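Beneath this line is the structure, given in structure tokens, with notes to follow.
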Amino acid sequence: MSANIPSRPRQVGQRRNFAIVAGQYNPDYVRGLIEHTRAELLAISPNFNVVVHEVPGAFEIPLVVQEIATRGGVDAIIALGVIIEGETQHAALIATEITRALQQLALAHHIPVIHEVLLLKNEAQAKVRCLDDEINRGTEAARVAARMVQMLGELRNSRTETTGPRSEIRFGR
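Anchor point for the sequence shown: position 7 equals 6 in the working numbering, and the numbering is continuous, going up by one each time.
In structure tokens:
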């Protein structure tokens, strides 16, 4: 695990809407992620609006992310959850499908979907990543979400201007 999380983005004065979708399994750890995510978003800008949606488990997160993305009105969605490996491959299968679904939803809806549904080996890893103030994946998720919203806003607001001659690449004759 890297101890280097993204630095806090510049403060944003614009009102932005963020949705957090969080699984209820391993509630103490997920609550730590939620609290750190909310606190960091509000530290970046007190104008941010943050709504939390809790779902029964991690596997249900993508369905609610899809519903939120389809309805619109949010600038980014942050998926939070904690899956602790057991003796079978079930946790890995769930984590793989969540990852795949969240990426597909981000691309299909053109919205940042920040993936912090953590697959962890044990509770010691969960404590460090979810409850610790120094290296917290909730803090990281908030910073990534804010940066992605800023970046996409800049890209969408910029005009493509052509200055000078255009070049073409031709293949064949």
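Think of the CB as a built atom: it goes at the ideal place given N, C-alpha and C, for glycine as much as any other residue.
Keep in mind it's a predicted model, so treat the numbers as computed, not measured.
Taking the C-alpha atoms as reference points, what is the distance between residue i and residue j?
i    : j    : result
E53  : V20  : 6 angstroms
A38  : G85  : 31 angstroms
T69  : S44  : 25 angstroms
V143 : P111 : 9 angstroms
Q102 : P61  : 10 angstroms
D131 : S157 : 39 angstroms
N16  : E59  : 22 angstroms
G31  : G137 : 8 angstroms
E133 : I4   : 9 angstroms
Taking only three categories from DSSP, how would you classify residue i?
i    : result
G80  : strand
I4   : coil
V73  : coil
N135 : coil
E59  : helix
G31  : helix
G85  : coil
V93  : Looking at the sequence shown, residue 93 is not Val but Ile. Helix.
R146 : helix
N121 : coil
I110 : coil
R9   : coil
DSSP puts residue i in a beta bridge; with which residues?
i    : result
A21  : E53, L79
V116 : G80
N48  : N16
Just confirm the distance between the C-beta atoms of residue i and residue j, as a whole number of angstroms; I'd bet it's less than 8 angstroms.
i    : j    : result
V116 : G80  : 4 angstroms
A125 : I83  : 6 angstroms
I67  : A18  : 5 angstroms
V148 : A75  : 5 angstroms
A91  : L118 : 7 angstroms
Here's the rule: buried if 16 or more other CB atoms are within 10 angstroms of the residue's CB, otherwise exposed. What is residue i?
i    : result
H114 : buried
T36  : buried
V50  : exposed
R128 : buried
Does at least one heavy atom of the ligand GDP sit under 7 angstroms from the Cβ of residue i?
i   : result
P45 : In terms of ligand content, the structure shown is empty, and the ligand GDP therefore cannot be addressed.
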